[in-house]
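In my numbering, the protein residues as written are 49 to 490. Cβ coordinates follow ideal geometry from the N, Cα and C atoms, glycine included.
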Ligand SMILES: Nc1ncnc2c1ncn2[C@@H]1O[C@H](COP(=O)(O)OP(=O)(O)OP(=O)(O)O)[C@@H](O)[C@H]1O
């Protein structure tokens, strides 16, 4: 069946590599009469694929095979050995004899070496490195990396796990998405096998748990996780977790769990700045052997601000199209290929949106922001809003000036310079800038 590899190639360009490896690569495809049958190795994968990818798979099959009908089943192709799974649903730790080395389930692709460091992720990287070098040390146990989607939290978590195993190959590092913890626990409950479920964690030296916001509202899972957490913590096993926001802001997480999560070190990962974004594009291009000129990397970095996954998606689209058409990746080619993607990004933020966000952030009215009053409590937020408009939109300085009650373009220029200079010395202002950028990029 040659249609599935082509679909998979597309899916690889569209979804994060880690997800493709976990959910899509393990699928096996066959044709039955006129429909495509996809075999998932277990119910867990089947359900995840159904929920997250099936709609897109249907579209791609319709495109490549002329028929998008698909049946998603559990099983494997006759005679074909199913691919090894990164995880099994009930036994979260791969089964093995005590004397065997721990197989682990880390994605070895994600390392510190291929993580591009910038101001936005410097602390997170340093913390993950520390955890890797001194696992279990109270100064960074548990380590919690938080920030919005696609900013490299999972990458850093894997990098820490891989570094632990590189330094000490016998180290047993287990990676679990929170959904996996949940599903395995539910299954253990149904099968009255909770003791076995709990025991598994005693065998690991470090536990990496991704996206703990998923636990919100799931009381029994939280309780179980709480006990697992305590047991690991007490015996000085390193715990690394990620969350899409600061846990205190996650509604539906139990207070005692929230407080426990904050025991060690919590570090925010912010959206990368322009230079870091450009470096990431260049680094990812090198990794996949694509020839991307710097000006194209700058173009992508300038237009796509919110998340690294989107940057990667843009790069993958370019590389795939260049491969397909045999054309070189130039500025013109990139503009043409990414036109819709770039337009969608630009639409998302306009000057009125920036003014409203900044006004709300500082507790002001928009009319104050636009007024002629020059008190410092108004002037600084106003400058911030202008600088953000320059950073986030394609509007010229005179256009931005116009949108701020007809100010001159030199005023806007001054605001941009002022904010840039202050950011070097004023930590609070820098933090405001980062938070506003994050809000506007969501
Ligand atoms: N600084 C960076 N250097 C290199 N690659 C990066 C960097 N930041 C993010 N990435 C890449 O971006 C992609 C998304 O990152 P990752 O999956 O770690 O995000 P995340 O923050 O865990 O998102 P989510 O909350 O959605 O799980 C990955 O392919 C990762 O390698």
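What distance in whole Å lies between the Cβ atoms of residue 190 and residue 287, which are believed to be in contact at a cut-off of 8 Å? Taking the Cβ atoms as the reference, residue 287 lies roughly 4 Å from residue 190, within the contact range of under 8 Å.
Rounded to a whole number of angstroms, what is the C-alpha to C-alpha distance between residue 459 and residue 388? Going by the C-alpha atoms only, they are around 33 Å apart.
For ligand 1, I want to know if residue 223 counts as a neighbour, meaning its beta carbon is within less than 8 Å of at least one of the ligand's heavy atoms. It does not: the Cβ of residue 223 is nowhere closer than 8 Å to a heavy atom of ligand 1.
Environment of residue 425 [buried if 16+ CB atoms lie within 10 Å]: Residue 425 should be labelled exposed.
What is the rounded straight-line gap between the Cα of residue 478 and the Cα of residue 485? For residue 478 and residue 485, the gap between their C-alpha atoms comes out near 11 Å.
Please state whether DSSP places residue 287 in a helix, a strand or coil. For residue 287, the secondary structure class from DSSP, reduced to helix, strand or coil, is strand.
My parser needs the beta strand (DSSP E) runs of 3 or more residues fully inside the region 268-341; what are they? Runs of the beta strand (DSSP E) lying entirely within the region 268-341, each at least 3 residues long, are 286-291, 313-316 in chain order.
To the nearest angstrom, how far is the alpha carbon of residue 414 from that of residue 404? Taking the Cα positions, residue 414 is about 6 Å away from residue 404.
Under 8 Å: does the beta carbon of residue 65 sit that close to some heavy atom of ligand 1? Ligand 1 approaches residue 65 closely enough that one of its heavy atoms is under 8 Å from the residue's Cβ.
Using the three-state DSSP reduction, which class does residue 86 fall into: helix, strand or coil? Residue state, collapsed to three classes: strand.
What are the residues that DSSP puts in a beta bridge with residue 518? Limits of the chain in this structure are 49 at one end and 490 at the other, which puts residue 518 out of reach.
Give me the pocket residues for ligand 1, defined as CB within less than 5 Å of any heavy atom, sorted by chain position. That gives 163, 164, 197, 198, 199, 200, 201, 202, 203, 328, 356, 357.
Skipping 5 residues on each side, what residues in its chain have a beta carbon closer than 6 Å to that of residue 58? Setting aside the 5 residues that flank it on each side, residue 58 is surrounded in the same chain by 108, each with a C-beta closer than 6 Å to its C-beta; the list follows chain order.
At a cut-off of 8 Å, is residue 91 close to ligand 3 when judged by its beta-carbon and the heavy atoms of the ligand? Of the ligands this structure carries, namely ligand 1, none is ligand 3.
When you compare the CB of residue 371 with every CB in chain D, is at least one pair closer than 9 Å? Within the model displayed, chain D is absent; a lone protein chain is all it includes.
Below 8 Å on the Cβ atoms is my guess for residue 193 versus residue 317; work out the distance and round it to an integer in Å. Sure, about 6 Å apart at Cβ, within 8 Å.
Taking three-plus beta-carbon pairs below 8 Å as touching, is the region 342-352 in contact with the region 228-243? When Cβ pairs closer than 8 Å are counted between the two stretches, the region 342-352 is seen not to touch the region 228-243, the count staying below three.
In whole angstroms, give me the CA-to-CA distance for residue 431 and residue 470. If you take the alpha carbons of residue 431 and residue 470, they lie about 11 Å apart.
Near residue 159, which residues of its chain fall below 6 Å by C-beta distance, leaving aside the five closest residues on each side in sequence? Excluding the 5 residues flanking it on each side, residue 159 has same chain C-beta neighbours closer than 6 Å at 207, 210, in chain order.
Taking its Cβ as the centre, do 16 or more other Cβ atoms sit within 10 Å of residue 74, making it buried, or is it exposed? So residue 74 ends up on the buried side.
By the three-class DSSP mapping on this structure, what secondary structure does residue 345 have? Look at residue 345 here: in three-state DSSP terms it is helix.
Kindly indicate which residue of 104, 117, 67 has the alpha-carbon position closest to the one of residue 93. It is 67.
May I ask you to report which of helix, strand or coil DSSP gives residue 413? Looking at residue 413 - three-state DSSP - the assignment turns out to be coil, as it is neither helix nor strand.
For residue 387, which of helix, strand or coil comes out of DSSP? Note: residue 387 maps to helix in three-state DSSP.
Is the number of C-beta pairs between the region 360-371 and the region 210-220 that are closer than 8 Å three or more? Not touching, per the Cβ criterion.
Cutting at 7 Å between CB atoms, please list the residues of its own chain near residue 264, excluding the five before and the five after it. 298, 299, 300, 301.
I'd like to know whether the C-beta atoms of residue 200 and residue 356 end up nearer to each other than 9 Å. Yes, Cβ-Cβ distance for residue 200 and residue 356 is below 9 Å.
Cα-Cα separation between residue 326 and residue 363, rounded to whole angstroms: Going by the C-alpha atoms only, they are around 11 Å apart.
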